[in-house]
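Everything below concerns the one structure shown next.
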Amino acid sequence: MELLKSHREVNEIFDLFYMNKFDEAYSRCDEKLDTSILHSHMKGFLIFLYSLLTLESDEIAKGKEQVEKTLAFLTKKRKVSSISENLSNFFWKPDVNKYTNLEVHAELIYAECQVMMGLLTFFGDQSIMSLIKGALRINASNQSFKFCQTILNERKVWGSEELKMHFESGVCNGIGVFNLVVSLLPKNIMKLLTIVGFSGDKQVALDMIKRCTTLKEGLRNRVSILVIETFSLYIEQLMGMGEIDSDWVGSLVDDVKSRFPKAVFVLFFSGKYKLLKGQPDKAAKEFLDCLALQDEWRQVHNICNWDLIWCYGLQNDWQNAMNRAKVLRNECAYSPATNEYQYAIFKMMKLEEENYCDIKGEVHENMENVLKLKKRYAGKTIPQEKFLCTRAKLYLEEGGRTPLVALLEMYYVWNVLSMTGNNTELIDPLLEKTDKKLRELQNEELMNAKFDDIGVLLLVKGVLLRNRNDNGKAEQCFHEIIESGNKITRDTFIVPHATLELGITYLKARKISEATKWLNKAKSGGEKFLNESVVSLRSEIEKGKAEIERTVQLCVRKRKTHTFVESFTTFIWKIDVDRYTDYEVHAELIYGECQIFMGLLTFFGDQSIMSLIKGALRMTTANNCFKFCQKILKERQNWESDEAKMHFESGVYNGIGIFNLVLSCLPKKILKLLTIAGFSGDRNIALSMIKKCTNLKEGIRRPGAVIVIQTFNIYFEQIMGLSEIDSEWIESLVDENRKRYPNSVFVLFFSARSYLLKGEPEKASKELIKCIEIQDSWKQVHNICYWDLVWSCALRNDWENAAEYSKLLRIQSPYSPATNEYQFAVFKLMQMEDEKRGDLKEIVDASMKSVGSLKKRYAGKTIPQEKFVCTRASQYSEEGRLPLVALLELFYIWNILSMTNDNETLIKPLIARIDRAREELKQNDKARNDDRFVLLLAKGVLLRNKKDFGKAEQCFLEIINSEEKIIRDTYIVPHTTLELGITYLKCEEYEKANIWLNKTKCCYEKFLNESIVNLRVTAALRKLSELKVNE
1340 MELLKSHREV
1350 NEIFDLFYMN
1360 KFDEAYSRCD
1370 EKLDTSILHS
1380 HMKGFLIFLY
1390 SLLTLESDEI
1400 AKGKEQVEKT
1410 LAFLTKKRKV
1420 SSISENLSNF
1430 FWKPDVNKYT
1440 NLEVHAELIY
1450 AECQVMMGLL
1460 TFFGDQSIMS
1470 LIKGALRINA
1480 SNQSFKFCQT
1490 ILNERKVWGS
1500 EELKMHFESG
1510 VCNGIGVFNL
1520 VVSLLPKNIM
1530 KLLTIVGFSG
1540 DKQVALDMIK
1550 RCTTLKEGLR
1560 NRVSILVIET
1570 FSLYIEQLMG
1580 MGEIDSDWVG
1590 SLVDDVKSRF
1600 PKAVFVLFFS
1610 GKYKLLKGQP
1620 DKAAKEFLDC
1630 LALQDEWRQV
1640 HNICNWDLIW
1650 CYGLQNDWQN
1660 AMNRAKVLRN
1670 ECAYSPATNE
1680 YQYAIFKMMK
1690 LEEENYCDIK
1700 GEVHENMENV
1710 LKLKKRYAGK
1720 TIPQEKFLCT
1730 RAKLYLEEGG
1740 RTPLVALLEM
1750 YYVWNVLSMT
1760 GNNTELIDPL
1770 LEKTDKKLRE
1780 LQNEELMNAK
1790 FDDIGVLLLV
1800 KGVLLRNRND
1810 NGKAEQCFHE
1820 IIESGNKITR
1830 DTFIVPHATL
1840 ELGITYLKAR
1850 KISEATKWLN
1860 KAKSGGEKFL
1870 NESVVSLRSE
1880 IEKGKAEIER
1890 TVQLCVRKRK
1900 THTFVESFTT
1910 FIWKIDVDRY
1920 TDYEVHAELI
1930 YGECQIFMGL
1940 LTFFGDQSIM
1950 SLIKGALRMT
1960 TANNCFKFCQ
1970 KILKERQNWE
1980 SDEAKMHFES
1990 GVYNGIGIFN
2000 LVLSCLPKKI
2010 LKLLTIAGFS
2020 GDRNIALSMI
2030 KKCTNLKEGI
2040 RRPGAVIVIQ
2050 TFNIYFEQIM
2060 GLSEIDSEWI
2070 ESLVDENRKR
2080 YPNSVFVLFF
2090 SARSYLLKGE
2100 PEKASKELIK
2110 CIEIQDSWKQ
2120 VHNICYWDLV
2130 WSCALRNDWE
2140 NAAEYSKLLR
2150 IQSPYSPATN
2160 EYQFAVFKLM
2170 QMEDEKRGDL
2180 KEIVDASMKS
2190 VGSLKKRYAG
2200 KTIPQEKFVC
2210 TRASQYSEEG
2220 RLPLVALLEL
2230 FYIWNILSMT
2240 NDNETLIKPL
2250 IARIDRAREE
2260 LKQNDKARND
2270 DRFVLLLAKG
2280 VLLRNKKDFG
2290 KAEQCFLEII
2300 NSEEKIIRDT
2310 YIVPHTTLEL
2320 GITYLKCEEY
2330 EKANIWLNKT
2340 KCCYEKFLNE
2350 SIVNLRVTAA
2360 LRKLSELKVN
2370 E
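In our numbering, the protein residues as written are 1340 to 2370.
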């Protein structure tokens, strides 16, 4: 009876929520917060809903805190099974009739809490760690919902029909919402999720939610209504295909409105429903009423203002549309660039239709602001915002745009055209305007005007004609665009969008075969718009994956197969590895290696969530294979030959060593999670394993281990700035290969790199040029050589050749073209200064200007060094840069200063040049302190390279003590504290090293190159820890 009473009280709390009495709802929850799981859950749900609307970190933290409290409460109320019961559940179904009513409802609330925690984890922090944690929560929730469905189907004894109804409403809502969301995912992701146990069947999802909405008194009834209204009226509207029964949604809106006519969570859905029906005037009234009702949930105001923008826009009320866009830009944290762009477009329309010429300058300023306001979520810009930013940039470049074209483009990307419904009072005036502008532009086209704007107008016209069911004329518009595709020079998005709209038009006209043809064309045609180098890279990756997959299939046939009984007994007894043949154990090892290859190719081929999951599964499989192979190596006695054992041993050492070497570089919190999953991440173990492999001179994996450790030490460790691996061992491997394979490209460029790191750029250049001349098959090797030739030349002040190699890299290499363009500009800047070549300024200016446009992202991120050079290029364009400062910054971020080693012939001239530049800056009153400290930072590193630790320390301390003088380049001080810590580490003053390295780690944030500093300080602290242990 107490449980039933709690359900009724929580329903009353829901009523308070719908009556906008939010504080009272919270108070009613608090009354029984510690005694009722339902009251605790309801409070968690209210905070969860509020935090999702705001997405503010503080609110998300509050939501997680309350849901965690509910979960802790539930552990006391859920059924606790004994060990024997848990064991029996593997063989027999649990008897759900043994569960009490409180226990089954606790199980249901547990599932709902896991969903809320998963979502709050995702939205609170978009890191890989949060992704994993959130996924685990969601998976736990899915398992609980499935068990709750079993309870609902099989339980015979319920305390009352009302309690069963509440439970049923929760099960139907939970499973329905789950599968509705999953049904939106791409097929390849859905396929993986269905294996895990998610259905993803939209019809099943809708049937479940519909069932919940029919349980009028069910506790989750209104949650289902909120979900389906949000999904249908917002998500489906943005997707552009209303697949859910609108009459059903309308009946839900009307039903709730009849019960709660003044509820804010009813009014804005009612307004949105009217807007989608093509009734913007009625919708606006609902939204304005909603705004007037409350001020506590401000995010609801933002939702209303967003829709009011379109209500006024569709009614040509440009002033009110502007006002609402301005309010959103000032008050809403989401996509301010979009709101600024909307504000500018409505101003343009006001300017054209009402002749407000005095606001033209304001429009230009607004468009400039759009680019400054762009935001990213999880490393990505939302597609619509990205599109609008390109249009703002286009406006600025071309000195204006046709207002109607800009307006209709904006309507199209946000699918506002669907809001006309089939209301001819809205459609016909828009069509009339579109036709008039088309006639004007088509007349201009005869005089070489661009077809792009005509294409946009035809695209919009086609959508509007389809809205009023004139499918034939709509098809003509889309076909005209597709047939004129060769006339489109700038807006290449138009043709694929027209292809999509044509497919949708045929679909709505029930011409299924034509719809299929054009929709598939729209889907596959997107590849043509990808960057050519990316397409080429993906092609090579797919070839590699296909070859490895063939090897995997061969391994599957050759690996030892177990009978069902053998597989079952391995849970109890050890596997007898002597029963494996030599062929079978080597097949097991190769299978593990192939899984690594496939995992890495999956990661690099596509940085999507799906690829992350697939790649992680491959890596887990490989790890398990290597652990089993290590067991074989330890326990197996009957090898056919010592040579066969040696080859197997080299593979085990190489595989486990590489695994753990890579993992040891990861941040501690990720490594901690991976060690739970069975990975080690111990660098000493990794190095000892790889060294064992390289000691097996004839082992088949030895060359692979040598390449890996050379790559890691000579490239990765050099960029990190703290070589932790035995350099004598690496040098011995390089020398050995020089003797055995003097003309191998994979020996020459490692040999050259070794010379470069020892401060011998002349010898390095000779080896690199030889490496390039030897072969043309592996062009990427040329790019690696060009990269090192850039620095070999620059360290010798050969600016002409340094610039030429940078230019070659920018043209031939798909990686970081912005970095190569910036390097080219800096070396030309140095050449201009040293050779007094004023004629080079125009080249430098043009290169610096183009750097920003060449910026690329990998997995949604810009690499730190590229981000840095883009900011410096932008600063050059605004205020110019001192050539030596620009050069030394470039040297510093790529850790090129380490390549001077302790070579006096390289270090002495550089320090002398720095000192001269510092003296010149002292004489210049207008010089920035920032530049002086960049020079001092570089000087400190060079002094440390030649082991003059005392003077290096003085340089770094001078910067730190003058921190307040640094205005712009705030990165200098954290980099300096890092370098000071490393200096103390190298001169064995471990306590001071510990102080400064920890200060670097804890006291600075949000500066350029922060991620590089974090990696370097982690490496330095690890080295310090090892040295203290050895001491």
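Note that the Cβ used here is the ideal one computed from N, Cα and C, for glycine as well.
Given that a residue counts as buried once 16 or more other Cβ atoms are within 10 Å of its Cβ, and exposed if not, what is residue i?
i	result
E2259	exposed
L2227	buried
A1837	buried
Y2125	buried
L2366	exposed
Q1542	exposed
Y1682	buried
E2302	exposed
G1700	exposed
V1639	buried
T1763	exposed
A1623	buried
K1922	Residue identity differs from the one stated: residue 1922 is Tyr in this sequence, not Lys. Flag for Y1922 reads exposed.
What number of angstroms, rounded off, separates the C-alpha of residue i from the C-alpha of residue j?
i	j	result
I2123	T1393	47 angstroms
L1727	S2189	21 angstroms
S2373	A2164	The shown model of the chain, from 1340 to 2370, leaves out residue 2373, and the question about it has no answer.
W2130	I2235	7 angstroms
G1824	N1808	26 angstroms
D1774	W1753	22 angstroms
E2101	V2084	18 angstroms
D1594	F1936	57 angstroms
V1588	I1567	7 angstroms
V2073	L2245	24 angstroms
L2134	G1402	56 angstroms
K1418	Y1573	39 angstroms
T2309	R2283	23 angstroms
L1653	A1813	21 angstroms
K1899	E2106	47 angstroms
G2219	S2213	9 angstroms
T1414	E1407	11 angstroms
E1693	K1686	10 angstroms
With DSSP run on the structure shown, which of helix, strand or coil describes residue i?
i	result
V2165	helix
C1816	helix
A1602	coil
D1369	helix
R2267	coil
D1809	coil
S2364	helix
Q1542	helix
V1496	coil
Y2394	The requested residue 2394 is not part of the displayed model; the chain covers only 1340 to 2370.
K1616	coil
E1679	helix
K2109	helix
P1433	coil
Q1892	helix
Give a yes or no on whether the minimum CB-CB distance between residue i and chain B is below 9 angstroms.
i	result
E2292	Within the model displayed, chain B is absent; a lone protein chain is all it includes.
- Pair every Cβ in the region 1595 to 1615 with every Cβ in the region 1740 to 1753, then say whether three or more of these pairs are closer than 8 angstroms. no
- Task: Flag this pair as touching only if the region 2320 to 2328 and the region 2283 to 2294 have three or more C-beta atom pairs under 8 angstroms; answer yes or no.
- Result: yes
- Query: Does the region 1515 to 1522 come within contact of the region 1348 to 1367, defined as at least 3 CB pairs closer than 8 angstroms?
  - Reply: no
- Does the count of Cβ pairs from the region 1977 to 1994 and the region 2026 to 2034 closer than 8 angstroms reach three? yes
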